[in-house]
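Enquirer:
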Amino acid sequence: MGAIANGYKLLVLDIDGTLLNKSGAISHEDKKALAKVRASGIEVALSSGRASQACLSIIARLSLEGYHIFFDGALVSNPRTGHEVYAQPIDDDLVTQIIDFAQQSKIDLELFSSTSFFIERETWSTAIRRNFFGIEPTVIDFSSLKHRERIIKGTLVILSPEERAKADSLLRRFQDSLHFSWTKAPAYPEADFINILTPEVSKGRALESLVSFLGIPMDSVVAIGDGINDISLLSKAGRAVAMSTAPDEVKAVAHYVTGDVDHGGVATAINELLLRS
């Protein structure tokens, strides 16, 4: 990668709440600024808790061609070529135990590999992933996946207090060997999504692998984010930018606070840090 004005060579962007607003739109200002960044020779990488499959339409929309961070840092790959720089899949034996738990508890489980999304039956959650994220599932008996597919992430779909109680037993059982996080779907406030990854996963570790692969110094990286899961990313980057809507603990690790996603916050940061002559 060649020398760039200001010394910056890589811009890393969180997606939801940073680049995409609640409607899934990217502002005209942000698109224009990102096009200028790429034209200047600076690489642009996305960094998201989303599955790689859920980022493909955004990558295409922005005509990005390089490497990106997916699954909160469990995978660094180039979806256009399929080449992986870094991956932290869940141990096969643990995947088997998660599958057994879900089947015995009759809790819906979703499994993700680096390229595929697996379910045992169609649900409203499947419809959300298809309609909002553009992910088409493979319906399959999970017993046939055991020790055959490299699983990056699992998600339990919790719909009742009884299911939550059962899920708590899984969390207690594997609290030292797996990482659990909770997310919500605004359209279904009664539901909880329990995401399952390996405990070593973070966006910061993934960024370290990416800059090593690209052969660039960490000081040449600008990162922009708004969530708690962005703290490790922002802490590693040479220049860290927090969105104005970010929690205080995210802003605390940032060098610069920009505007919000609905008012071209990414473009403001780009124009201030990367495009200023």
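By the numbering used here, the letter at position 267 of the sequence shown is numbered 1110, and the numbering carries on one by one without gaps. Each residue gets a CB set at the ideal place from its N, CA and C atoms; glycine is no exception.
1. Kindly list the residues whose CB is nearer than 6 Å to the CB of Ile-978, restricted to its own chain and excluding five residues on each side of it in sequence; keep chain order.
2. Name, in chain order, the residues that DSSP records as bridge partners for Tyr-929.
3. Give the secondary structure of His-1022 by DSSP, where H, G and I count as helix, E and B as strand, and everything else as coil.
4. Val-982: buried (16+ other C-beta within 10 angstroms of its C-beta) or exposed?
5. Identify every residue that forms a DSSP beta bridge with Leu-853.
6. Could you give the first and the last residue of the continuous alpha helix (DSSP H) run that contains Gly-1108?
7. Can you have a look at Ala-883 and say buried or exposed, based on whether 16 or more other CB atoms are within 10 angstroms of its CB?
8. With DSSP as the reference, label Ile-983 as helix, strand or coil.
9. For Tyr-1099 and Asp-936, I'd like the C-alpha separation in whole angstroms.
10. Is the Cβ-Cβ distance between Ser-890 and Leu-856 less than 8 Å?
11. Is it true that the region 1050-1066 meets the region 1010-1018, where meeting means three or more beta-carbon pairs spaced less than 8 Å apart?
12. Could you compute how far the alpha carbon of Ser-866 sits from the alpha carbon of Glu-1033?
13. Measuring CB to CB, does Val-928 end up less than 8 Å from Ser-1052?
14. Note down the Cα distance separating Leu-1117 from Glu-953, rounded to an integer number of angstroms.
15. What does the Cβ neighbour count give for Thr-1101, buried or exposed, with the cut at 16 atoms within 10 Å?
16. May I ask which residues mark the beginning and end of the alpha helix (DSSP H) holding Leu-1057?
17. Taking 8 Å as the cut-off, decide whether the C-beta atoms of Gly-1070 and Gly-860 are in contact.
18. With a cut-off of 8 Å on the beta carbons, I'd call Leu-877 and Leu-899 a contact; round off their distance for me.
19. Taking the C-alpha atoms as reference points, what is the distance between Asp-934 and Arg-993?
20. Could you give the distance in angstroms between the alpha-carbon of Pro-922 and the alpha-carbon of Tyr-910?
21. For Gln-931, count the other beta carbons within 10 Å of its own beta carbon; 16 or more makes it buried, fewer makes it exposed. Which is it?
22. Within 10 angstroms of the Cβ of Lys-949, are there 16 or more other Cβ atoms? Answer buried if so, exposed if not.
23. Can the beta-carbon of Ser-1045 be found less than 8 Å from the beta-carbon of Gly-925?
24. If you measure between the beta carbons of Lys-874 and Ser-1063, is that distance less than 8 Å?
25. Helix, strand or coil, according to DSSP, for Glu-1005 in the structure here?
26. Do Lys-996 and Ala-888 have their CB atoms nearer than 8 Å?
27. By a C-beta neighbour count over all protein chains shown, 10 Å radius and 16 as the cutoff for buried, is Asn-1072 buried or exposed?
28. Determine the DSSP secondary structure at Ile-978, reduced to helix, strand or coil.
29. Measuring alpha carbon to alpha carbon, tell me which residue in Ile-1067, Ile-1039, Gly-1107 and Glu-886 is nearest Ala-1089.
Expert: Let me lay it out:
1. Looking up residue 978 in the sequence shown gives position 135. Result list for Ile-978: Gln-896, Ala-897, Phe-960 and Arg-972, in chain order.
2. Counting from 1 along the sequence shown, the entry for residue 929 is found at position 86. BP columns for Tyr-929 point to Val-919.
3. On the sequence shown, position 179 is the one that residue 1022 refers to. Three-state result, His-1022: strand.
4. As a working note, residue 982 is residue 139 in the sequence shown. The residue is exposed, with fewer than 16 neighbouring Cβ atoms inside 10 Å.
5. Here the question's residue 853 lines up with position 10 in the sequence shown. DSSP, once it has assigned bridges, lists Glu-886 and Val-1064 as partnering Leu-853.
6. Taking the sequence shown and counting its residues from 1, the one referred to as residue 1108 is at position 265. First-last of the alpha helix (DSSP H) with Gly-1108: 1108-1116.
7. Position 40 of the sequence shown, counted from the first residue, corresponds to residue 883. The question names Ala, but residue 883 in the sequence shown is Ser. Answer is exposed; the Cβ neighbour count stays below 16.
8. Working through the sequence shown from its first residue, we reach residue 983 at position 140. Note: Ile-983 maps to coil in three-state DSSP.
9. Sequence index remark: in the sequence shown, residue 1099 carries index 256 (1-based). Sequence index remark: in the sequence shown, residue 936 carries index 93 (1-based). Looking at the two C-alpha atoms, the distance is approximately 43 Å.
10. In the sequence shown, the residue the question calls residue 890 occupies position 47. In the sequence shown, the residue the question calls residue 856 occupies position 13. In contact: Ser-890 and Leu-856 (Cβ atoms closer than 8 Å).
11. no
12. For the purposes of this step, residue 866 is taken as the residue at position 23 of the sequence shown. For the purposes of this step, residue 1033 is taken as the residue at position 190 of the sequence shown. Rounded to the nearest angstrom, the two C-alpha atoms are 21 Å apart.
13. Counting from 1 along the sequence shown, the entry for residue 928 is found at position 85. Counting from 1 along the sequence shown, the entry for residue 1052 is found at position 209. Yes, the pair counts as a contact, with Cβ atoms nearer than the cut-off.
14. As a working mapping, residue 1117 is identified with position 274 in the sequence shown. As a working mapping, residue 953 is identified with position 110 in the sequence shown. So the two alpha carbons sit approximately 39 Å from each other.
15. To locate residue 1101, count along the sequence shown from 1; it is residue 258. Buried is the call here.
16. For the purposes of this step, residue 1057 is taken as the residue at position 214 of the sequence shown. Start and end: 1046-1057.
17. Here residue 1070 refers to the residue found at position 227 when the sequence shown is read from its first residue. Here residue 860 refers to the residue found at position 17 when the sequence shown is read from its first residue. For Gly-1070 and Gly-860, yes; Cβs fall inside 8 Å.
18. Here residue 877 corresponds to residue number 34 of the sequence shown, with the count starting at 1. Here residue 899 corresponds to residue number 56 of the sequence shown, with the count starting at 1. Contact doesn't hold; Cβ gap of about 17 Å is too wide.
19. Walking along the sequence shown from the start, residue 934 turns up at place 91. Walking along the sequence shown from the start, residue 993 turns up at place 150. Taking the straight line from one Cα to the other gives about 8 Å.
20. For the purposes of this step, residue 922 is taken as the residue at position 79 of the sequence shown. For the purposes of this step, residue 910 is taken as the residue at position 67 of the sequence shown. Each residue's Cα considered, the two are about 7 Å apart.
21. Your numbering for residue 931 matches position 88 in the sequence shown. It is buried - the Cβ of Gln-931 has at least 16 other Cβ atoms within 10 Å.
22. In the sequence shown, counting from the first residue as 1, residue 949 sits at position 106. By the neighbour-count rule (16 or more Cβ atoms within 10 Å), Lys-949 is not buried but exposed.
23. Reading the sequence shown from its first residue, position 202 is the one you call residue 1045. Reading the sequence shown from its first residue, position 82 is the one you call residue 925. Against a cut-off of 8 Å, the Cβ pair of Gly-925 and Ser-1045 comes out as no contact.
24. For the purposes of this step, residue 874 is identified with residue 31 of the sequence shown, where counting begins at 1. For the purposes of this step, residue 1063 is identified with residue 220 of the sequence shown, where counting begins at 1. Not in contact: Lys-874 and Ser-1063 (Cβ atoms no closer than 8 Å).
25. Within the sequence shown, the letter at position 162 stands for residue 1005. Glu-1005 falls in the helix class under three-state DSSP.
26. For the purposes of this step, residue 996 is taken as the residue at position 153 of the sequence shown. For the purposes of this step, residue 888 is taken as the residue at position 45 of the sequence shown. Contact flag unset, no.
27. By one-based count along the sequence shown, residue 1072 stands at place 229. Buried is the call here.
28. Numbered from 1 along the sequence shown, position 135 holds the residue referred to as residue 978. Correct three-state label for Ile-978: coil.
29. Start at 1 with the first residue of the sequence shown, and residue 1089 comes out as number 246. Checking every option, the nearest Cα to that of Ala-1089 belongs to Ile-1067.
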